[in-house]
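One structure is given below, encoded as structure tokens.
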Amino acid sequence: MKHKICTLGSHSALQILKGGRDEGFETVLIAEKKRLKPYESFRVADHIIAVDKFADAKDRDDELAAMNAVLIPHASFVNAFSLAEIDELKTPYFGNKKVLAWETDRKKQRQWLAEAGLKLPRIFEKPSDIDTSVIIKFYGAQGGKGYFLAHNQKEFEEKIKQHPDQKYIIQEYIVGAPVYIHYFYSPLTEELELMGFDRRYESNVDSIGRISAKDQLDLNIETSYNIMGNTPLVVRESLLPEIFEMGEQVIAASKKWDSRGLFGPFCLETIVTPDLDFFVFEISARIVAGTNPYIHGSPYSDLRYNKPMSTGRRIAMEIRLAEEQNALERIFN
Ligand code: ATP
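Letter by letter, the sequence shown follows residues 0 to 332 of numbering that gives the first Met the number 0.
Following this line, the structure appears as structure tokens:
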């Protein structure tokens with residue numbers, strides 16, 4: 000029985016299921032009852048399993064395995080379960096589960112990116128070390144809600160009072176243009192592909208410029224980075240060689256930690272300074288929602304494939320190729 004492409008109904012599920020269909024797979028969606036509407040309306044799922052909450056999906060593991068489903072993780076998927084729960088799933092999972100542990104541990108993630116030779120914003124272990132503008136990030140904030148900026152220790156200590164008992168890190172604030180880079184690495188061809196780029200559209204930080212500086216001060220606005228969408232982006236062509244190299248270094252470093260390393264889609268989240276230096280502040284080791292503007296392909300996937308090739312479809316294509324080559328053990332966990 001051929002595999003069925005399966006994911007949770009959120010984040011990039013529309014893209015993943017459409018991509019599965021385009022590669023000739025049947026699709027299975029696990030959706031929360033209160034959020035069924037878009038999935039029914041867009042008709043991307045052949046089978047819909049409705050649950051009260053995503054966490055209940057783990058009780059459907061046997062059913063999914065019997066259907067020959069393969070789980071495609073995205074951020075809402077990895078947020079719905081603990082690492083141990085994901086580890087225990089019988090249903091095949093596209094990707095290397097070992098990478099999840101490196102990614103969720105901020106220290107390990109930083110070590111990985113540093114070993115890859117990438118430029119990283121500095122981290123300040125204690126407030127008295129702050130010697131430049133910093134961004135304070137809360138653990139598990141999801142979507143940057145509540146992050147704040149400080150320019151010195153005094154300002155930090157004043158502002159942190161509003162967030163008692165929350166775990167945070169203090170990171171150097173890089174002034175520049177945010178660029179999110181979407182890659183796909185195929186373990187079958189050993190090729191790193193550039194799928195596209197996006198910018199995030201965050202509230203309120205992306206709208207503060209709509210009012211005058213005087214009004215901003217009068218309204219006493221605190222910036223917030225709560226993501227509400229993504230917009231497409233192309234970058235200067237002269238930056239592409241370095242962008243490929245950064246992705247290749249991340250893959251090479253991951254293979255030192257585990258022989259299969261990172262594969263499938265991933266994203267480097269960067270800020271590009273006026274000197275065109277890329278500072279990487281995070282890696283997402285799976286499909287990111289920033290690929291959603293490209294359900295019909297991006298300018299880069301159009302160059303590479305000459306047909307609509309979203310990241311969701313690229314995942315399904317890898318599964319199809321692995322089925323054809325009897326190489327599923329290279330891409331499943
Ligand atoms: P994710 O959802 O990707 O796990 P997040 O949404 O919790 O992460 P980030 O993506 O880390 O938050 O950051 C939120 C916002 O802050 C983004 O607009 C990003 O560009 C900006 N940002 C993050 N780190 C830095 C930094 N070191 N310097 C400047 N801007 C930053």
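C-beta atoms are modelled at their ideal positions from N, C-alpha and C, and glycine is treated no differently.
These numbers come from a predicted model, not from an experiment.
How is residue i classed by DSSP in three states: helix, strand or coil?
i: Leu16; result: helix
i: Phe80; result: coil
i: Phe331; result: strand
i: Lys106; result: helix
i: Asn291; result: helix
i: Val249; result: helix
i: Phe262; result: coil
i: Gly8; result: coil
Within its chain, find whatever has a CB closer than 8 Å to the CB of residue i; leave out the 5 residues flanking it on each side and keep chain order.
i: Leu187; result: Glu317, Leu320, Ala321, Gln324, Ala326, Arg329 and Ile330
i: Arg34; result: Gly8 and Ser9
i: Asp51; result: Glu31 and Lys32
i: Ile173; result: Pro120, Ile270, Thr272, Phe278 and Phe280
In chain order, what residues of the same chain lie with their CB nearer than 6 Å to the CB of residue i, ignoring the 5 residues before and after it?
i: Phe280; result: Pro120 and Glu268
i: Glu62; result: none
i: Gly116; result: Gln248
i: His150; result: Ser132
i: Phe147; result: Ile135 and Lys158
i: Tyr224; result: Gly143, Tyr146, Glu201 and Val204
Is residue i close to the ligand ATP? I mean its beta-carbon at under 8 Å from any heavy atom of the ligand.
i: Arg199; result: yes
i: Gln170; result: yes
i: Gly64; result: The residue asked about is misnamed: residue 64 is Ala in this sequence, not Gly. It does not: the Cβ of Ala64 is nowhere closer than 8 Å to a heavy atom of the ligand ATP.
i: Ile318; result: no
i: Val204; result: yes
i: Ser185; result: no
i: Pro120; result: yes
i: Gln155; result: Inspection of the sequence shows that residue 155 is occupied by Phe rather than by Gln. Incorrect: Phe155 has no Cβ contact closer than 8 Å to the ligand ATP.
i: Val173; result: According to the sequence shown, residue 173 is Ile rather than Val. Checking every heavy atom of the ligand ATP against the Cβ of Ile173, one is found closer than 8 Å.
i: Ala113; result: no
i: Ser81; result: no
Leaving out five residues on either side along the sequence, give the residues of the same chain with a beta carbon under 7 Å from the beta carbon of residue i.
i: Val233; result: Phe196 and Pro298
i: Lys96; result: Ile85, Asp86 and Asn332
- Jot down the residue ranges of each uninterrupted beta strand (DSSP E) in the region 188-216, minimum 3 residues, whole runs only, in chain order. With a minimum length of 3 residues, the unbroken runs of beta strand (DSSP E) contained wholly in the region 188-216 fall at 190-203.
- May I have a chain-ordered list of the alpha helix (DSSP H) segments no shorter than 4 residues that lie completely inside the region 14-59? Correct list: 36-41.
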